[in-house]
Each structure stands twice: as C-alpha cells, then as structure tokens.
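These notes are about the structure you will find just below.
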Amino acid sequence: MLLAIVPQTAHGRLCRPMGSTPDTVQLLVHGGTYNGQYWDLPLSAGKYSYQRDMAARGHATFAVDLPGTGASSQPLSALITGTGMASVVHQIIGKLRNGQVLGTAFPQVVLVGHSMGSGIVVLEAATYRDVDGVILTGMTHSMDLVQLAAIFVDGVRPALLDPVLAGRGSDPGYVTTMPGTRQVFHQPGAFEPGVLSADEATKDQVPATVVPDLVALAFTGPLSRGINVPVLLANGDRDTLFCAFHCSTESTLLTAEAPYFSPAAQLDVFLLPGAGHSLALALAAPTYRSAVDEWLHTHFAE
Numbered sequence: 001m002l003l004a005i006v007p008q009t010a011h012g013r014l015c016r017p018m019g020s021t022p023d024t025v026q027l028l029v030h031g032g033t034y035n036g037q038y039w040d041l042p043l044s045a046g047k048y049s050y051q052r053d054m055a056a057r058g059h060a061t062f063a064v065d066l067p068g069t070g071a072s073s074q075p076l077s078a079l080i081t082g083t084g085m086a087s088v089v090h091q092i093i094g095k096l097r098n099g100q101v102l103g104t105a106f107p108q109v110v111l112v113g114h115s116m117g118s119g120i121v122v123l124e125a126a127t128y129r130d131v132d133g134v135i136l137t138g139m140t141h142s143m144d145l146v147q148l149a150a151i152f153v154d155g156v157r158p159a160l161l162d163p164v165l166a167g168r169g170s171d172p173g174y175v176t177t178m179p180g181t182r183q184v185f186h187q188p189g190a191f192e193p194g195v196l197s198a199d200e201a202t203k204d205q206v207p208a209t210v211v212p213d214l215v216a217l218a219f220t221g222p223l224s225r226g227i228n229v230p231v232l233l234a235n236g237d238r239d240t241l242f243c244a245f246h247c248s249t250e251s252t253l254l255t256a257e258a259p260y261f262s263p264a265a266q267l268d269v270f271l272l273p274g275a276g277h278s279l280a281l282a283l284a285a286p287t288y289r290s291a292v293d294e295w296l297h298t299h300f301a302e
C-alpha cells in the first residue's frame, strides 16, 4: 500500500463460506478507535461476529485494519488524512478484484463502513467509483457535532498514555478513548455487559488528523451524491451521536438523507431498534445482519 508516497502494509482477515467462493466480497472498514476486530469481537463464541455470520449466510468478507491500527503499518500520524485512508481502501479493492488476496479474485466488491469508516467509504466510493455497492453504518449527515466535539476534547487522550495501547509506541497524534468510557458507543441502547469489557480490551488508536476532511467532505458535505451504486444506510435508533436528529423512524431518516444521494444510489435505510452507535455489537445485532443479508441478495445474486 502507498500512503503519502511512503510504502505501508495493510493487514486484513478474509472470511469465506465453507466450501465455496462467492463472486462478491464485502470490504469492511472499521470506525475510529476500533480495528478489524469490530467485525469479529472475541466474545460469546462469535455471537457478535459479523464476519462469521455473513460466512454462514454465504457471503465473503475482508476486514481491514486501517493504517495505524491492528496489525497494519503505523506511519507518522501527520501523514494520515481521511483522503489518504480512502486511497488505501481503493488499493485494497484493486487487490481483491485481481486475486492478490490469498489468490482469490472477487468480480464484485461491496464497501461496508462503520462510523469514521463510513466516512472513508463515502470518500472512496464517490472519488474512485470502483465498487458495486455501499453499506454505511453508524453514520448520517445529521450528527450531533457538539456532543462529538465534547467527547473528542474530554474523552480521548494520546494512545501512548493508555494502558492498553502504550506498548504500540505511537506518536502523540494517535489518540484513543479514556479507560472506562466505551459505553458512549453503546448507550442508551441495549447491550450485553460483557461487550464493554471486550470493547475496551480490543480498542485501538486513531490518528486525529483524519477528522478535518472526513467531517468536511463526508459527514457534512454533499460528496455522497457522487456515489453511483446502490447504498444501504443502517443505524441504531438510539444512536445519539451520529444519528441524532432523524432516527425516530425509517421514513424520517430516508426523507432526511435522500438529498445527500443521487438516484443511482437507490437509497435504502434500516434502523435497528434499541441499538446505540456500534450497532454490530448491540443485543439485536442479528436483526441488523439479517437486513444486510436481505439487501445483498436483492442487489447481488450469487
């Protein structure tokens, strides 16, 4: 991978149905202070694993660790922007299509993002137009910017000061959540108590430098109108951070979000009842995964 002209290594986990290789792969892009484990949380024998459940339903997934997270390279944080992250995802898409990931070529790629990862997905899909479908989770264009700014100012600190992440040796531009604060990604939704401890144990860092262009271009601007493939927008109806103002009903959300997408997006929306921001880790997560499965079968026949 190339990031700001500096070669980097991107790590990911490919998960396929047993005994078959579908034509379509979902490229999973995690959110800030998460890594690829968001899609396969080590808790309750895979109960919260998006990847395992999708494989059981016949779908292939590739969960990437974004630069600076998980097992991927850790460049200087100053080199990383949201636009640069989108470039990395673009390169991974090419490798998935060309069979450069474990020798398996996937003719169709669906980009799936969560939270900050959804912003990166918007940047990638609207800029390069090289994917066949887009799923955005934990994102709308009506975030509570005041609450999010307060969390960023008061609820994060340099990762090098964190007991979980200090050993990474990252520079001060990488930040993470304060210990014992992961509930902000789940409340006021319903979640298993063990999710908080697993979330804390697997949390990661994020370069603060990705925030400006992601907010300006992906989360508040009209760039998403450049996406020219089917889009599913999925959120928890109790997400007070990224779905703060229009998540009372799916029809309300669709009305609010439709102006940000072109007719080519054929925008569909889904609200997971009783779920907070990290809906893949909510008690009702299987319902969300079923909605994704139905949408995939509608648009991508295997």
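Residue numbers (full-length UniProt numbering): 1 to 302.
Cβ atoms here follow ideal geometry from the backbone N, Cα and C, with glycine treated the same way.
Being a predicted model, the structure only gives us computed values, none of them experimental.
Checklist line | Other residues of its chain near L241: CB distance less than 7 Å, five sequence neighbours each side excluded | finding: Along the sequence shown, one-based indexing puts residue 241 at 241. Taking C-beta separations shorter than 7 Å and ignoring five residues to either side along the sequence, the partners of L241 in its chain run M143, D144, Q147, L148, H277, following chain order.
Next item on the list: Out of G58, S115, I120, state which residue places its alpha-carbon closest to the alpha-carbon of A86.
Entry: In the sequence shown, residue 86 corresponds to position 86, counting from 1. The residue from G58, S115, I120 with its alpha-carbon nearest to that of A86 is I120.
Next item on the list: Following the continuous alpha helix (DSSP H) through R97, name the residue where it begins and the one where it ends.
Entry: Residue 97 sits at position 97 when you count from the first residue of the sequence shown. For R97, the enclosing alpha helix (DSSP H) covers residues 82-97.
Next item on the list: Would you kindly report the start and end of the unbroken alpha helix (DSSP H) that includes Y50?
Entry: Translated into positions along the sequence shown, residue 50 becomes position 50. Per DSSP, Y50 belongs to the alpha helix (DSSP H) from 50-56.
Note to self: I'd like the list of long-range same chain contacts for R289, defined as Cβ closer than 6 Å, with 5 residues on each side in sequence excluded.
What the structure shows: The sequence position of residue 289 within the sequence shown is 289, counting from 1. Cβ neighbours of R289 within its own chain (closer than 6 Å, five residues either side excluded): D53.
Check: To the nearest angstrom, how far is it from the Cα of E250 to the Cα of A56?
Finding: What you label residue 250 is simply residue 250 of the sequence shown in a count that begins at 1. What you label residue 56 is simply residue 56 of the sequence shown in a count that begins at 1. Between the C-alpha atoms of E250 and A56 there is a straight-line separation of about 28 Å.
Item checked: A63 classed as buried or exposed, judged by whether at least 16 other C-beta atoms fall within 10 angstroms -> Within the sequence shown, the letter at position 63 stands for residue 63. By the 10 Å Cβ count, A63 comes out buried.
Checklist line | Of the residues A256, H299, M116, P193, the one placed nearest G32, counting alpha carbons only | finding: Counting from one through the sequence shown, the residue named residue 32 turns up at place 32. When only C-alpha atoms are compared, the closest one is M116.
Check: When you compare only the Cα positions, how much space is there between P207 and V110?
Finding: Within the sequence shown, numbered from 1, the residue matching residue 207 stands at position 207. Within the sequence shown, numbered from 1, the residue matching residue 110 stands at position 110. The straight-line gap from Cα to Cα measures roughly 25 Å.
Checklist line | V131 vs V231 beta-carbon contact at 7 Å | finding: Locating residue 131 in the sequence shown gives position 131, where the first residue counts as 1. Locating residue 231 in the sequence shown gives position 231, where the first residue counts as 1. For the 7 Å CB-CB criterion, V131 and V231 do not form a contact.
Next item on the list: Specify whether the segment 5-25 and the segment 93-113 touch according to this definition: at least 3 beta carbon pairs, one from each stretch, less than 8 Å apart.
Entry: In short, these stretches touch, since the Cβ pair count reaches three.
Margin query: I'd like to check one pair, Q8 with S73: are the Cβ atoms closer than 7 Å?
Written below: Taking the sequence shown and counting its residues from 1, one reaches residue 73 at position 73. Taking the sequence shown and counting its residues from 1, one reaches residue 8 at position 8. Taking a C-beta distance under 7 Å as the contact criterion, S73 and Q8 qualify as a contact pair.
Next item on the list: Tell me, to the nearest whole angstrom, how far the beta carbon of A60 is from that of R16; I am working on the premise that it is less than 8 Å.
Entry: Translated into the one-based positions of the sequence shown, residue 60 becomes position 60. Translated into the one-based positions of the sequence shown, residue 16 becomes position 16. Correct: roughly 5 Å between the Cβ atoms.
Next item on the list: May I have the straight-line CA-CA distance separating G46 from A280, to the nearest angstrom?
Entry: Here residue 46 refers to the residue found at position 46 of the sequence shown. Here residue 280 refers to the residue found at position 280 of the sequence shown. Their backbone Cα atoms lie some 12 Å apart in a straight line.
Note to self: Using DSSP's beta-bridge definition, name the partner residues of F242.
What the structure shows: As a first step, residue 242 is located in the sequence shown; it is residue number 242 there, counting from the start. DSSP lists no bridge partner for F242.
Next item on the list: Could you tell me whether the segment 152-164 touches the segment 223-238, using the rule of 3 or more Cβ pairs below 8 Å?
Entry: As far as the Cβ criterion goes, the segment 152-164 does not touch the segment 223-238, which means the pair count is below three.
Checklist line | Cβ distance (whole Å) where E257 is taken to contact T140 below 8 Å | finding: Stepping through the sequence shown from its first residue, residue 257 is reached at position 257. Stepping through the sequence shown from its first residue, residue 140 is reached at position 140. Confirmed, about 6 Å.
Note to self: Suppose you measure from the CA of L196 to the CA of Q187; what does that come to, to the nearest Å?
What the structure shows: By one-based count along the sequence shown, residue 196 stands at place 196. By one-based count along the sequence shown, residue 187 stands at place 187. In this structure, the CA atom of L196 is about 11 Å from the CA atom of Q187.
Check: With C-beta atoms as the reference, is T209 less than 7 Å away from I93?
Finding: Counting from one through the sequence shown, the residue named residue 209 turns up at place 209. Counting from one through the sequence shown, the residue named residue 93 turns up at place 93. In this structure, T209 sits away from I93, with a CB-CB distance that is not shorter than 7 Å.
Next item on the list: Note down, in chain order, each residue of its chain lying with its Cβ closer than 6 Å to the Cβ of T202, except the 5 sequence neighbours on either side.
Entry: The residue given as residue 202 occupies position 202 in the sequence shown. Cβ neighbours of T202 beyond the five flanking positions: Q37.
Check: Can you tell me whether DSSP reads I227 as helix, strand or coil?
Finding: If you number the sequence shown from 1, residue 227 lands on position 227. Shown here, I227 sits in coil according to DSSP, grouped into three states, outside any helix or strand.
Next item on the list: Could you say which of W39, T252, S262 lies nearest to L223 if we only look at CA atoms?
Entry: Within the sequence shown, the letter at position 223 stands for residue 223. Selected option, being the one with the closest Cα: S262.
Note to self: When you compare the CB positions of N35 and D171, do they come within less than 7 Å of one another, or not?
What the structure shows: Start at 1 with the first residue of the sequence shown, and residue 35 comes out as number 35. Start at 1 with the first residue of the sequence shown, and residue 171 comes out as number 171. Contact flag unset, no.
Next item on the list: Let me know the alpha helix (DSSP H) ranges lying completely inside the segment 131-188, each 4 residues or longer, listed in chain order.
Entry: If only complete runs of 4 or more residues are kept, the segment 131-188 shows the alpha helix (DSSP H) at 145-154, in order along the chain.
Note to self: Tell me the DSSP secondary structure of A10 in three-state form.
What the structure shows: By one-based count along the sequence shown, residue 10 stands at place 10. In the structure shown, A10 sits in coil (DSSP, three-state: anything other than H, G, I, E or B).
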